[in-house]
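Undergrad: One structure, pasted below without further comment.
Chains as they are written, first to last, in this note's numbering: chain A, 74 to 332; chain B, 546 to 889.
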């Protein structure tokens, strides 16, 4: 039984992210962290591997900056880490990402379950997870808020998944790719011993050649990044007793036809 | 080479933001010099197709097979992929709901197509669809576009595009299609569905009233014997102070991450970087300081009202109206005033 998860390093959530004069995205001296949604997928991977006395592996696709996220994952308790990096691979192209991710899963060979975080905050999307499932031809279960049961012998999985209108419980077949929501678990902090062990780990890097695949032709691309337009908001402070403040605010909102 | 739009349904009813997708789809189709088609699957699909026509679709693909009643990725994606292969649309478009994102991504992978999500602006130049979308959790914008001649799969953010005006009686060519997978070939089986009762969906809400960590300063005494009086006070404040204001305005209740992490309210209400990104007409932030992670989720609200006891809170820098004071005095007064003025 082998559970695999994917992660990446993203700027610290409190960092001010800006586009420089050269058009490149930067975040000053701020550190990178594990993509915030991945804390839940990492924790769930550890839990599911433990429950089944199986193996756990974390994979990052992209350059050396993602080693930080991989080491954090090892420090939390994931057993193995792999990075996929290749000059011909743009990890922000989701079709290329999914092709590489599926290639890595096939190379590992014995994987039953792949867990992604809900989305990546840098690229702002989750499409790579669904695309990975389709490239593998596996079951895709998204927005999972609870894994109710997994039966590895009979290859079945039952989960609760969220839609805008409520919660659906479904049973499906392994192998499967799932994306998990915040709230599915309480992510642990890396232990001191875990951090020490992770800092010494050497992380193997696989190329597309190692996976026996080539990158697909690019079908969509990001051509530019922009800072947000500065909003000219002049705050109007409303003073007085609470009743006076309330009356004035309602008057102004009605006047501005907000309601 | 038309534009093909997903009309999302739930329990045999259209999900209203689908008409926004038809609005955006019509705009893109007009710019590309083509027409806009729609597809509706599952229960009541034929009746919903009539509505799609009234909202601007000139052709509607319909499949009301029972295997498509509940949304499941396998039968939906198989059928969409077959439609895309047969008709090679220039663009496939949906609102970026859970179903919309999952379905279009799957079909994009099946057909090795480009995919761009969360569009907030769209423009067409020649054969290229130019998309403006937020990245880095809403801290930056990016421009993305299709490469080559293939189909582009595109999801738009809810409330970013307007529906076409409903043209009662307008009709469309209806094309009935057969499902690709029959039930025996579908491995995912739905066991049950538990609806979220009495809540307004945050991303669809025109008005949101949000509470932060400060709701725990509720002056009401927690009853003797509750395990955590702070949590009780905060939950009581959401239920009896924040929610009544949202109710009188027909709005939804939001929350900061701090309030959610402290157990004051469920995660479904979280606005911000690891919660929902919202853009209502009116956002009332109550006892929310306005951390950068929260701002990322609500900065595109049309009018922001900040109520906070700390006059230095960053939230006031982005607010149109600011009220310094105690939310437990101001909000009940505000609720009463709205009731009076709105005649409720």
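Cβ coordinates follow ideal geometry from the N, Cα and C atoms, glycine included.
Taking a contact to mean a Cβ-Cβ separation below 7 Å, would you say residue 114 of chain A touches residue 86 of chain A in this structure?
TA: Cβ atoms of residue 114 of chain A and residue 86 of chain A: not closer than 7 Å.
Undergrad: I'd like to confirm the pairing. Which residues does DSSP put opposite residue 156 of chain A in its beta bridges?
TA: In the DSSP output, where bridge partners are listed per residue, residue 156 of chain A has A/133 and A/278.
Undergrad: If we require 4 or more residues per run, which alpha helix (DSSP H) segments fall completely within the region 824-860 of chain B?
TA: Qualifying alpha helix (DSSP H) stretches, in chain order: 837-843.
Undergrad: Do residue 827 of chain B and residue 323 of chain A have their CB atoms nearer than 7 Å?
TA: In this structure, residue 323 of chain A does not lie closer than 7 Å to residue 827 of chain B by Cβ.
Undergrad: Please name the residue or residues paired with residue 263 of chain A in a DSSP beta bridge.
TA: In the DSSP output, where bridge partners are listed per residue, residue 263 of chain A has none listed.
Undergrad: When you compare only the Cα positions, how much space is there between residue 285 of chain A and residue 723 of chain B?
TA: Roughly 38 Å separates the two Cα atoms.
Undergrad: Any beta-carbon of chain B closer than 7 Å to the one on residue 237 of chain A?
TA: True, the Cβ-Cβ gap to chain B drops below 7 Å.
Undergrad: What does the alpha-carbon distance come out to for the pair residue 186 of chain A and residue 226 of chain A?
TA: Cα to Cα, residue 186 of chain A sits roughly 13 Å from residue 226 of chain A.
Undergrad: Nearest CA to the CA of residue 787 of chain B: which residue from B/557, B/875, B/624 and B/590?
TA: Of B/557, B/875, B/624 and B/590, the residue nearest in Cα terms is B/875.
Undergrad: Since residue 634 of chain B meets chain A, which of its residues come closer than 7 Å, beta carbon to beta carbon?
TA: Within chain A, no residue comes near residue 634 of chain B; the closest Cβ sits about 14 Å away, beyond 7 Å.
Undergrad: At 7 Å on the CB atoms, spell out the chain A contacts of residue 870 of chain B, in chain order.
TA: Here the neighbours are 315 and 318.
Undergrad: Would DSSP call residue 230 of chain A helix, strand or coil?
TA: Residue 230 of chain A: strand per DSSP, three-state reduction.
Undergrad: If you draw a straight line from the C-alpha of residue 630 of chain B to the C-alpha of residue 660 of chain B, how long is it?
TA: Going by the C-alpha atoms only, they are around 16 Å apart.
Undergrad: Just tell me which of B/866, B/824, B/772 and B/676 has its CA closest to the CA of residue 329 of chain A.
TA: The residue with the shortest Cα to Cα distance from residue 329 of chain A is B/866.
Undergrad: Taking contact to mean at least 3 C-beta pairs separated by less than 8 Å, is the region 686-696 of chain B in contact with the region 287-297 of chain A?
TA: The region 686-696 of chain B is in contact with the region 287-297 of chain A.
Undergrad: For residue 885 of chain B, count neighbouring C-beta atoms within 10 Å of its own C-beta (all shown protein chains included) and say buried if the count is 16 or more, exposed if not.
TA: Residue 885 of chain B comes out exposed.
Undergrad: What are the residues in the region 814-840 of chain B lying within 7 Å of chain A by C-beta distance?
TA: The region 814-840 of chain B vs chain A, Cβ under 7 Å: 818, 819, 826, 827, 837 and 838.
Undergrad: Taking Cβ-Cβ distances below 8 Å as the criterion, which residues of the region 688-700 of chain B are in contact with chain A?
TA: Answer set for the region 688-700 of chain B: 688, 689, 690, 691, 692, 693, 695 and 697.
Undergrad: Can you name the residues that DSSP bridges to residue 188 of chain A?
TA: For residue 188 of chain A, which the question treats as bridged, DSSP gives the partners A/78 and A/251.
Undergrad: When the Cα atoms are used, what is the spatial distance from residue 559 of chain B to residue 593 of chain B?
TA: Roughly 7 Å between the two C-alpha positions.
Undergrad: Can you tell me which of B/718, B/595 and B/791 puts its alpha carbon nearest to the alpha carbon of residue 712 of chain B?
TA: Taking only the C-alpha atoms, the option nearest residue 712 of chain B is B/595.
Undergrad: Just to confirm, are residue 808 of chain B and residue 776 of chain B a CB contact at a threshold of 7 Å?
TA: Against a cut-off of 7 Å, the Cβ pair of residue 776 of chain B and residue 808 of chain B comes out as a contact.
Undergrad: At the 7 Å Cβ level, is residue 753 of chain B part of the contact set with chain A, yes or no?
TA: Residue 753 of chain B does not count as touching chain A.
Undergrad: When you compare only the Cα positions, how much space is there between residue 700 of chain B and residue 751 of chain B?
TA: Approximately 20 Å, taken between the alpha carbons.
Undergrad: Could you have a look at residue 876 of chain B and say whether DSSP puts it in helix, strand or coil?
TA: The answer is helix: DSSP assigns residue 876 of chain B an H, G or I state.
Undergrad: Any idea what DSSP makes of residue 617 of chain B, helix, strand or coil?
TA: Coil.
Undergrad: Hey, is residue 620 of chain B's beta-carbon within less than 7 Å of any beta-carbon in chain A?
TA: No, residue 620 of chain B does not count as interfacial toward chain A.
Undergrad: Going along the chain, which residues of the region 182-199 of chain A sit with their C-beta nearer than 7 Å to a C-beta in chain B?
TA: From the region 182-199 of chain A, only 194, 195, 196, 197, 198 and 199 have a Cβ closer than 7 Å to chain B.
Undergrad: Cβ atoms of residue 579 of chain B and residue 547 of chain B: under 7 Å apart, would you say?
TA: In this structure, residue 579 of chain B lies closer than 7 Å to residue 547 of chain B by Cβ.
Undergrad: With burial defined as no fewer than 16 other Cβ atoms inside 10 Å of the residue's Cβ, what is the status of residue 207 of chain A: buried or exposed?
TA: Buried, since its Cβ has 16 or more Cβ neighbours within 10 Å.
Undergrad: CB-CB under 6 Å to residue 585 of chain B, same chain, minus the five flanking residues each way: which ones, in chain order?
TA: The residues are 552, 593, 594 and 607.
Undergrad: What did DSSP end up calling residue 678 of chain B once you bin it into helix, strand or coil?
TA: Looking at residue 678 of chain B - three-state DSSP - the assignment turns out to be strand.
Undergrad: Based on Cα-Cα distance, which residue from B/840, B/774 and B/765 lies nearest to residue 800 of chain B?
TA: Checking every option, the nearest Cα to that of residue 800 of chain B belongs to B/840.
Undergrad: What residues in its chain sit with their C-beta under 8 Å from that of residue 267 of chain A, if we drop five residues either side in the sequence?
TA: So the qualifying residues of the chain are 147, 148, 149 and 150.
Undergrad: With 7 Å as the threshold, decide whether the Cβ of residue 207 of chain A is near any Cβ in chain B.
TA: Yes, its Cβ sits closer than 7 Å to a Cβ of chain B.
Undergrad: How about residue 215 of chain A: is its C-beta nearer than 7 Å to some C-beta of chain B?
TA: Yes, because at least one Cβ of chain B sits closer than 7 Å to the Cβ of residue 215 of chain A.
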